[in-house]
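Engineer: Provided herewith is a single structure, encoded as structure tokens, for subsequent inquiry.
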Amino acid sequence: MGVYSEINLNEINEILKYYELGNAVSYQATITGISNSNFKVVLTSGKEVLLKVSNDKTIEQLENEQRILQVLEKYNYLHSLHPIQTIQGKPIYHHKNYFGVVFPFINGLPPIIDNSAIAQIGKALGELHSLEIHKEDLATIRPHDLVGYGGLHIQDYIEQPNCAPDFKDAFLKIFPQGLNDIPYDIFPAGIIHGDLYFDNSLFHEGKLVTLIDFEQSGRGRFILDLGIALSGSCLNSSRDNLDLALARHFIKGYEQIRPLKAIEREYLMMAVKVGFFSIGLWRIKRFLEGNLDESKRYNYRELLERCLNFDKAFKNEVYF
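Here it is, written out as structure tokens:
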């Protein structure tokens with residue numbers, strides 16, 4: 436559960452004074468969020484909002500995330516939440532030791548994984564990657580490298596003396612030649628989500644309502660975003676490897692909107708492996724090297740296991 440900050444109703448009402456929303460009458464913690472505290476708040480009007488308290492970011496990092504959501508709203512992207520503005524017209528609040536964001540509350544839950552749900556998630560990612568964003572707006576978006584980990588960052592990490600030994604061993608087994616020679620600059624780029632695991636989507640009555648947690652979004656290569664999404668959304672029933680049938684439905688949904696370039700299809704199997712390591716390194720930084728949640732200290736290891744299983748099962752063959 437994403438609850439790392441203790442908060443009471445009086446404190447919530449103090450925060451709500453920064454908004455034209457009225458008072459809260461009740462609240463409860465939500466199950467979403469691996470590195471934030473999230474609360475469903477019921478207002479006196481009967482409306483519901485989602486109050487997020489940031490636990491692992493600076494105010495600047497949170498502002499950059501909201502900037503991305505504002506750009507997505509400007510370009511009519513239908514699968515992202517948009518922050519409610521404070522009375523002063525700001526996307527985030529700062530009250531005493533708390534800062535965060537308030538969103539409209541969306542009724543929905545992460546999906547039961549099946550072909551239909553996966554295809555809808557893939558289609559939503561295709562729509563994100565198809566946005567034609569003006570250069571001036573794109574320039575205001577942070578690089579993904581500031582909040583996430585691509586191939587070069589992973590390569591750099593395994594060369595550091597503090598690299599987790601099992602992470603390094605798995606990396607060298609799967610990428611014995613490393614990742615320095617990948618032609619990164621030739622891949623199409625734009626705004627990427629950066630963490631599109633299936634539980635970062637909300638569904639209602641079998642239909643995708645929204646994507647959530649754009650905390651690792653930014654300007655980046657679509658191929659990395661695809662690798663992360665496939666590695667986190669298309670798992671088999673044992674949750675220890677990729678389900679290729681699901682992955683194909685994901686790609687089918689994606690290509691309804693944006694057909695893959697030949698170079699992207701060529702590198703897609705590799706991108707899935709990089710995706711496992713990318714989120715694995717994110718978890719290491721938050722939970723092994725950081726102290727956000729002791730119970731998640733070694734949860735990066737499940738991603739190493741999945742990646743090793745994937746590499747063993749499918750090796751260098753192209754299945755997409």
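Take 436 as the starting number for the sequence shown in the numbering used here and just add one per residue. Beta carbons: idealized from backbone N, C-alpha and C, even for Gly.
1) By the three-class DSSP mapping on this structure, what secondary structure does A599 have?
2) Determine the burial state of T493: buried for a count of at least 16 other Cβ atoms within 10 Å of its Cβ, exposed for fewer.
3) I need the straight-line Cα distance from R718 to S730, nearest angstrom please.
4) Between which residues of its own chain and Y510 is the CB-CB distance below 7 Å, once the five residues before and five after are set aside?
5) Select from L679, I576, N671, N597 the residue whose C-alpha is nearest the C-alpha of E650.
6) On a CA-only basis, which of R732, I527, F749, N473 is nearest I609? Give me that one, please.
7) Who are the Cβ neighbours of L659 in its own chain at under 6 Å, not counting the five residues just before and after it?
8) What's the gap between the Cα of S636 and the Cα of I503?
9) By how many angstroms is the C-alpha of L727 removed from the C-alpha of G561?
10) Would you decide whether E441 is buried or exposed? Buried here means 16 or more other CB atoms lie within 10 Å of its CB.
11) Grab me the residues of S668's own chain with a C-beta within less than 7 Å of its C-beta, minus the 5 sequence neighbours each way, in chain order.
12) With DSSP as the reference, label G710 as helix, strand or coil.
13) In chain order, what residues of the same chain have a beta carbon less than 8 Å from the beta carbon of Q505, not counting five sequence neighbours either side?
14) Using CA coordinates, which residue listed in D604, L723, N473 is at the minimum distance from N490?
15) What is the rounded straight-line gap between the Cα of Q496 and the Cα of I589?
16) What do you get for N676, buried or exposed, if any count of 16 or more other CB atoms within 10 angstroms of its CB means buried?
17) Going by C-alpha distance, which of D746, L739, P539 is nearest L703?
Structural biologist: Checking against the coordinates, here is how it stands:
1) Walking along the sequence shown from the start, residue 599 turns up at place 164. Secondary structure of A599 (DSSP, three-state): coil.
2) Counting from 1 along the sequence shown, the entry for residue 493 is found at position 58. By the 10 Å Cβ count, T493 comes out exposed.
3) Reading the sequence shown from its first residue, position 283 is the one you call residue 718. Reading the sequence shown from its first residue, position 295 is the one you call residue 730. If I take the Cα positions, the gap works out to 12 Å.
4) The residue labelled residue 510 in the question sits at position 75 within the sequence shown. If we look at Y510 and ignore the five residues flanking it on each side, its Cβ neighbours are L566, I568.
5) On the sequence shown, position 215 is the one that residue 650 refers to. Comparing Cα positions, the closest option is I576.
6) Position 174 of the sequence shown holds residue 609. I609 has its Cα closest to that of F749, out of R732, I527, F749, N473.
7) Walking along the sequence shown from the start, residue 659 turns up at place 224. Taken in chain order, the residues that qualify are G585.
8) In the sequence shown, the residue the question calls residue 636 occupies position 201. In the sequence shown, the residue the question calls residue 503 occupies position 68. Roughly 17 Å between the two C-alpha positions.
9) Here residue 561 is taken as the residue at index 126 of the sequence shown, counted from 1. Here residue 727 is taken as the residue at index 292 of the sequence shown, counted from 1. Approximately 32 Å between the Cα atoms of the pair.
10) Translated into the one-based positions of the sequence shown, residue 441 becomes position 6. By the neighbour-count rule (16 or more Cβ atoms within 10 Å), E441 is not buried but exposed.
11) Taking the sequence shown and counting its residues from 1, one reaches residue 668 at position 233. Closer than 7 Å at the Cβ level, and outside the excluded window around S668, lie I553, I556, L631, Y632, F633, F685.
12) Your numbering for residue 710 matches position 275 in the sequence shown. In the structure shown, G710 sits in a helix (DSSP, three-state: H, G or I).
13) Within the sequence shown, numbered from 1, the residue matching residue 505 stands at position 70. Contacts found: H517, P518, P526.
14) The residue given as residue 490 occupies position 55 in the sequence shown. The shortest Cα separation from N490 among D604, L723, N473 belongs to N473.
15) Walking along the sequence shown from the start, residue 496 turns up at place 61. Walking along the sequence shown from the start, residue 589 turns up at place 154. So the two alpha carbons sit approximately 21 Å from each other.
16) As a working mapping, residue 676 is identified with position 241 in the sequence shown. With 16 or more other Cβ atoms within 10 Å, it is buried.
17) Translated into the one-based positions of the sequence shown, residue 703 becomes position 268. Comparing Cα-Cα distances from L703 to each of D746, L739, P539, the minimum goes to D746.
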